[in-house]
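Right, one structure below, let's go through it.
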Amino acid sequence: MCIFCPDQDDLDYLEAATDSPPWPTPNRLIDQLPSPPSPPEIQLLILGLPRTGLTSLRHALTALDYSCYSPATLDAHPSHYAYWEEALRAKYLDDGPLFTHTEYAKLLAGHTACIDAPSAFLAGDLIAAFPRAKVVLTRCDPDAWARYTLHHHQMVDSSLDWRSFDWVPRSPWDLARTV
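The sequence shown runs 1 to 179 under full-length UniProt numbering.
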């Protein structure tokens, strides 16, 4: 029970409070996206970094009748790239108000799980937007992940070099490499 609204529990109050920001929002692309008839019930937030077994996990969740919003969904709806960019810019560049349940409900309409990029880079915001969702974090050894990610991207585009991965934490094998 919420002390401010006795007829709501704490989670309902939190969702209602974060759903309507007290500041005016500028014209954003996400605001042009229609609201779903009934907001999605996101049950699972799979928030591991890409290349940590998420594709296999997505296939397993699909077999269990979860509808996963994933990079495959993003590729099927290219217009969503702009919405996710808007969310990322708000989060990391302080470029506009952060997305709330309202905006994420529009983006994730019709899905019961969210997995892989770009949602993994907005983990805190998604947890706040969907406080009832279960959170799963996939992980692996950071050095192994960096090697595997670099190998994967070099197979896709051999012009990539280490300067493309400046954001990856340094490790002993990285420091030994000459640029």
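A virtual CB, placed ideally from N, CA and C, is assigned to each residue, including glycine.
Would you tell me roughly how many angstroms separate the C-alpha atoms of residue i and residue j, rounded to the nearest one?
{"i": "Cys140", "j": "Pro71", "result": "20 Å"}
{"i": "Leu108", "j": "Ile30", "result": "12 Å"}
{"i": "Arg51", "j": "Leu64", "result": "22 Å"}
{"i": "Arg147", "j": "Tyr69", "result": "27 Å"}
{"i": "Ser38", "j": "His151", "result": "42 Å"}
{"i": "Ser56", "j": "Thr149", "result": "16 Å"}
Mind checking who residue i pairs with in its DSSP beta bridge?
{"i": "Lys134", "result": "Leu44"}
{"i": "Gln113", "result": "For the record, residue 113 in the displayed sequence is Ala; it is not Gln. According to DSSP, which records beta bridges pairwise, Ala113 is partnered with Leu44, Cys68."}
Determine the closest residue to residue i out of the options, with distance taken between C-alpha atoms.
{"i": "Tyr92", "options": "Gly124, Leu107, Arg28", "result": "Gly124"}
{"i": "Leu98", "options": "Gln32, Ala129, Pro50, Ala146", "result": "Ala129"}
{"i": "Tyr81", "options": "Ser56, Asp94, Ala117", "result": "Ala117"}
{"i": "Val135", "options": "Pro142, Leu47, Leu57, Leu33", "result": "Leu47"}
When burial is assigned at 16 or more other CB atoms within 10 Å of the CB, is residue i buried or exposed?
{"i": "Ser35", "result": "exposed"}
{"i": "Ala76", "result": "exposed"}
{"i": "Lys106", "result": "buried"}
{"i": "Arg89", "result": "exposed"}
{"i": "His59", "result": "exposed"}
Residue j and residue i - do their beta-carbons sit closer together than 7 Å?
{"i": "Leu45", "j": "Ala120", "result": "no"}
{"i": "Arg28", "j": "Glu86", "result": "yes"}
{"i": "Gln112", "j": "Ser67", "result": "Note that residue 112 is Thr in the sequence shown, not Gln. Yes, these two residues count as a Cβ contact at 7 Å."}
{"i": "residue 180", "j": "Ala133", "result": "Because the chain in this structure spans residues 1 to 179, residue 180 falls outside the shown range and cannot be described."}
{"i": "Ile115", "j": "Leu54", "result": "yes"}
Quick one: does residue i have its CB under 7 Å from some CB of chain D?
{"i": "Leu57", "result": "Any reference to chain D falls outside this structure, which holds one protein chain only."}
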